[in-house]
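Residue numbers (my numbering), protein chains in the order written: chain A, 1 to 322; chain B, 1001 to 1322.
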């Protein structure tokens, strides 16, 4: 135990020095839900809270990976140390992430100022809400000025990624039924910056118009001064417009600092993280209770219609002493 | 209280008589997470367990809605009473489901032997795992022989729908990167029946071949006799092949009955339901604890790096007395 603690301490020290291998090893511990995680979390706690967390989301095919890649290049040119977490929560069963389009990120593979990591959160009971904040802390402690969290999945996972970010960037592309893209993901309310990528393609003006209209609808009845998400046009394949995206992200950060919103968001993020860990603990105990002899009959009784699911849940919760 | 109990009893009675309005009202109570839910669950418990639950899933654009619609027609022609639950978990923020393609289901709107319901599970802390089993119970008690659960979302939600079904049907279509469709959703391991829809289109033979290959890979090392998922070709828009799909679903049901698998699945479903309700209860208490004065500082302390998230979670769980 004490030697393991020594190892973790050493690993955290080396990660803080920016050693890629140590950073990777710590994120692997997070991904694996390793027993050492408590030690890792304890060792990292006081070295975190500095990195700016930017969430990047959007439907498949809008150019998320390419956009992230050119954003990394732009941030590196500005002297920033950058972390990238590509979160793929879509595959809870199969082993191995399908990240063919990650190949583009290999441009940055030899740059010591960039950490890139794909995370498959499928193994975790607490899912993305559980594993991602802890991987963020690793990159934060490793000295990243900015961490880009890209979600490869769609739907609920987008929203959970958004909940983690200081600034949320939502990508659209022309000709993909944009109104639906935005409205269906329920992302309008949470986008801080919109990007219309592939802006050189036909229909991009229409996409921008549609988006403006949807934003105006969504903001009806909003009281007081608030952030109005800008729309940035980019062509990620040629890096066109990426400087405007960097500017929009900076502007949003400035607005948040000026309005006390950054601390509010980070407190919500910490709250979500604590809650997810506590839920995972309770879920583990529930699972044990359901496996246990005293309650093994609960599911059978519900199936047989002898007991309704609420009363069974009451019995289960009571068994935990909660 | 006693008058409300009387109302619920009356509502359940009328739902059991197959009155659409009562069925709809009960599902609304489920969707709204109404306080009467405990009474509803208690009143329904002994009238459920009869319906065959068929999950229908697949990527957007493969023709899920059309397939469900022709499946309903075929099942009605066979004299079965049918329920349809279209679950859309993709939009946790916006109000109102976007179910434009639901329009096709209006063919069945005037048929008293069909209950169709869209469910937006976004409001629920327990999500799809919490609300859907209870809506299923309503349709079951209303005398449905078959309930089709269609997931409109993708990713994790597919998997959760699958966990609820007796038989899981996975739809593919040619020219949509089929290997990726299957592997990415991690759905190969859980599909009981595959459908290649739009089988009149170019590339459908290739899709079937790819699928066979993936199935053969996935089954390597499987010990003992087990179900080999058949591949059914359909053209949902013309109802071509739908009778083969009905046959495949029946065959799977027969196989499950013969191998004791139906009861095993239903027990797992009941277990998941009980666990989801218990988790929602605990989550509610956790939320209260996080709001509470004693622990209001937890998230702030985590944010400030004074406390790591695990220790904060310990404190939170301890507050519940768990």
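Ideal Cβ placement from N, Cα and C applies to all residues, glycine included.
Between the CA atoms of residue 192/A and residue 228/A - distance to the nearest angstrom = Within the first chain, the letter at position 228 stands for residue 228/A. Within the first chain, the letter at position 192 stands for residue 192/A. One C-alpha to the other measures close to 8 Å.
Identify each residue in the segment 1025-1049 of chain B for which the Cβ-Cβ distance to at least one residue of chain A is less than 8 Å, and report them in chain order.
-> Residues of the segment 1025-1049 of chain B with a Cβ closer than 8 Å to any Cβ of chain A, in chain order: 1037, 1038, 1041, 1042, 1044, 1045, 1046, 1047, 1048 and 1049.
DSSP state of residue 1123/B mapped onto helix, strand, coil = Position 123 of the second chain, counted from the first residue, corresponds to residue 1123/B. Low local confidence applies: a pLDDT of 49 at residue 1123/B is under 50, so the model's placement there is unreliable, and no value is given.
Along chain A, which residues have their Cβ under 7 Å away from the Cβ of residue 1277/B?
-> Translated into positions along the second chain, residue 1277/B becomes position 277. Ordered by position in chain A, the residues that pass the 7 Å Cβ test against residue 1277/B are 309, 310 and 313.
Could you spell out the range, first to last residue, of the alpha helix (DSSP H) harbouring residue 1254/B?
-> Here residue 1254/B is taken as the residue at index 254 of the second chain, counted from 1. Under the DSSP assignment, residue 1254/B falls in the alpha helix (DSSP H) whose first and last residues are 1242-1258.
Neighbouring residues, chain B, relative to residue 281/A (Cβ below 7 Å) = The sequence position of residue 281/A within the first chain is 281, counting from 1. Chain B residues near residue 281/A: 1313 and 1317.
Do you know whose CA, among 1050/B, 1026/B and 1017/B, lies nearest residue 305/A's CA?
-> Your numbering for residue 305/A matches position 305 in the first chain. The residue among 1050/B, 1026/B and 1017/B with its C-alpha nearest the C-alpha of residue 305/A is 1050/B.
Where residue 1275/B falls, given that 16 or more other Cβ within 10 Å makes a residue buried | One-based indexing of the second chain puts residue 1275/B at position 275. Counting of Cβ neighbours within 10 angstroms places residue 1275/B among the buried residues, the total reaching 16 or more.
Take residue 286/A as the anchor and find which of 1272/B, 1289/B, 1298/B and 1299/B has the nearest alpha-carbon.
-> The count along the first chain starts at 1 and reaches residue 286/A at position 286. Nearest of 1272/B, 1289/B, 1298/B and 1299/B to residue 286/A, Cα basis: 1272/B.
Figure out for me which residue from 1136/B, 1012/B, 1226/B and 1072/B has the closest Cα to the Cα of residue 1112/B.
-> Residue 1112/B sits at position 112 when you count from the first residue of the second chain. When only C-alpha atoms are compared, the closest one is 1072/B.
Check the Cβ of residue 1054/B against every Cβ in chain A and list those closer than 9 Å, keeping chain order.
-> Reading the second chain from its first residue, position 54 is the one you call residue 1054/B. What residue 1054/B touches in chain A: nothing, since even the nearest Cβ is about 18 Å away.
Residue from 1197/B, 1202/B and 1231/B with nearest C-alpha to residue 1212/B | Against the second chain, residue 1212/B aligns to sequence position 212. Ranking the options by Cα distance to residue 1212/B, first place goes to 1231/B.
So, does the CB of residue 325/A fall closer than 8 Å to a CB anywhere in chain B?
-> What is shown of chain A runs 1 to 322, which leaves residue 325/A out entirely.
Is DSSP giving residue 1150/B helix, strand or coil here?
-> Numbered from its first residue, the second chain carries residue 1150/B at position 150. Of the three classes helix, strand and coil, the one that applies to residue 1150/B here is strand, per DSSP.
Taking only the alpha-carbon atoms, compute the straight-line gap between residue 1244/B and residue 1018/B and give it to the nearest angstrom.
-> Position 244 of the second chain, counting from 1, holds the residue named residue 1244/B. Position 18 of the second chain, counting from 1, holds the residue named residue 1018/B. So the alpha carbons of these two residues sit roughly 29 Å apart.
Have a look at residue 1136/B and residue 26/A and give me their C-alpha separation to the nearest angstrom.
-> Start at 1 with the first residue of the second chain, and residue 1136/B comes out as number 136. Start at 1 with the first residue of the first chain, and residue 26/A comes out as number 26. Their Cα atoms are separated by approximately 43 Å.
Which residues of chain A have a Cβ atom closer than 8 Å to the Cβ of residue 1305/B, listed in chain order?
-> One-based indexing of the second chain puts residue 1305/B at position 305. For the C-beta of residue 1305/B, the chain A residues within less than 8 Å are, from N- to C-terminus, 45, 46, 47, 48 and 49.
Which same chain residues, not among the five before or five after residue 1043/B, have their C-beta less than 8 Å away from its C-beta?
-> The residue you call residue 1043/B lines up with position 43 of the second chain. Taking C-beta separations shorter than 8 Å and ignoring five residues to either side along the sequence, the partners of residue 1043/B in its chain run 1008, 1009 and 1012, following chain order.
State the Cα-Cα distance for the pair residue 95/A and residue 201/A, rounded to the nearest angstrom.
-> Residue 95/A sits at position 95 when you count from the first residue of the first chain. Residue 201/A sits at position 201 when you count from the first residue of the first chain. Only weak support is given to the placement of residue 95/A: the predicted model assigns it a pLDDT of 28, under 50, and the question is left unresolved by the model.
Quick one: measure Cβ to Cβ for residue 1148/B and residue 1242/B, integer angstroms, because I've assumed they're closer than 8 Å.
-> Numbered from its first residue, the second chain carries residue 1148/B at position 148. Numbered from its first residue, the second chain carries residue 1242/B at position 242. In this structure residue 1148/B is not in contact with residue 1242/B, their Cβ atoms being roughly 13 Å apart against a cut-off of 8 Å.
Best match in 1308/B, 1067/B, 1134/B and 1290/B for proximity to residue 1039/B [C-alpha to C-alpha] | Within the second chain, residue 1039/B is the residue found at index 39, counting from 1. Comparing Cα-Cα distances from residue 1039/B to each of 1308/B, 1067/B, 1134/B and 1290/B, the minimum goes to 1134/B.
Report back the beta-carbon spacing between residue 291/A and residue 166/A to the nearest angstrom; my notes put them in contact at under 8 Å.
-> The residue labelled residue 291/A in the question sits at position 291 within the first chain. The residue labelled residue 166/A in the question sits at position 166 within the first chain. About 41 Å separates the CB atoms of residue 291/A and residue 166/A; that is not less than 8 Å, and the two are not in contact.
Could you check how far apart the C-beta atoms of residue 248/A and residue 197/A are, in whole angstroms? I think they sit under 8 Å.
-> Here residue 248/A corresponds to residue number 248 of the first chain, with the count starting at 1. Here residue 197/A corresponds to residue number 197 of the first chain, with the count starting at 1. Residue 248/A to residue 197/A, Cβ: 14 Å. No contact.
Beta carbon proximity, residue 125/A to chain B, threshold 8 Å | To locate residue 125/A, count along the first chain from 1; it is residue 125. With a pLDDT of only 48 at residue 125/A, under the threshold of 50, the placement of this residue in the model should not be trusted; the figure read from the coordinates follows. For residue 125/A, the answer is no, since every Cβ of chain B falls outside 8 Å of its Cβ.
Closest Cα partner of residue 205/A within the set 31/A, 303/A, 278/A and 233/A | To locate residue 205/A, count along the first chain from 1; it is residue 205. The residue with the shortest Cα to Cα distance from residue 205/A is 233/A.
Is the CB-CB distance between residue 86/A and residue 119/A below 8 Å?
-> The sequence position of residue 86/A within the first chain is 86, counting from 1. The sequence position of residue 119/A within the first chain is 119, counting from 1. Cβ distance < 8 Å, so residue 86/A and residue 119/A count as in contact.
Looking only at its own chain, which residues have a Cβ that is under 7 Å from the Cβ of residue 15/A, when we skip the five neighbours before and after it?
-> Counting from one through the first chain, the residue named residue 15/A turns up at place 15. Around residue 15/A: 22, 23, 26, 138, 141 and 142.
Verify whether the separation of the beta carbon atoms of residue 308/A and residue 1278/B is less than 8 Å.
-> Residue 308/A sits at position 308 when you count from the first residue of the first chain. Residue 1278/B sits at position 278 when you count from the first residue of the second chain. Cβ distance not < 8 Å, so residue 308/A and residue 1278/B don't count as in contact.
Does the beta-carbon of residue 1250/B have 16 or more other beta-carbons within 10 angstroms, so that it is buried, or is it exposed?
-> If you number the second chain from 1, residue 1250/B lands on position 250. Its Cβ having fewer than 16 others within 10 Å, residue 1250/B is exposed.
Report the rounded CA-to-CA distance for residue 991/B versus residue 1108/B, giving the unit in angstroms.
-> A question about residue 991/B goes unanswered here, because the residues of chain B that appear run from 1001 up to 1322.
Would you say residue 267/A faces chain B, with C-beta separation under 8 Å as the test?
-> One-based indexing of the first chain puts residue 267/A at position 267. Closer than 8 Å to some Cβ of chain B, the Cβ of residue 267/A qualifies, so yes.
Under the DSSP definition of a beta bridge, which residues are partnered with residue 116/A?
-> Mapped onto the first chain, residue 116/A falls at position 116. Partner residues in the beta bridge of residue 116/A, as assigned by DSSP, are 84/A.
Can you tell me where the alpha helix (DSSP H) with residue 1066/B in it begins and where it stops?
-> Here residue 1066/B is taken as the residue at index 66 of the second chain, counted from 1. Boundaries of the alpha helix (DSSP H) around residue 1066/B: 1064-1077.
At least one CB of chain A closer than 8 Å to the CB of residue 1270/B: is that the case?
-> In the second chain, counting from the first residue as 1, residue 1270/B sits at position 270. A Cβ of chain A is located within less than 8 Å of the beta carbon of residue 1270/B.
Report the residue from 1068/B, 1260/B, 1313/B and 1298/B whose alpha carbon sits nearest the alpha carbon of residue 1150/B.
-> One-based indexing of the second chain puts residue 1150/B at position 150. Comparing Cα-Cα distances from residue 1150/B to each of 1068/B, 1260/B, 1313/B and 1298/B, the minimum goes to 1068/B.
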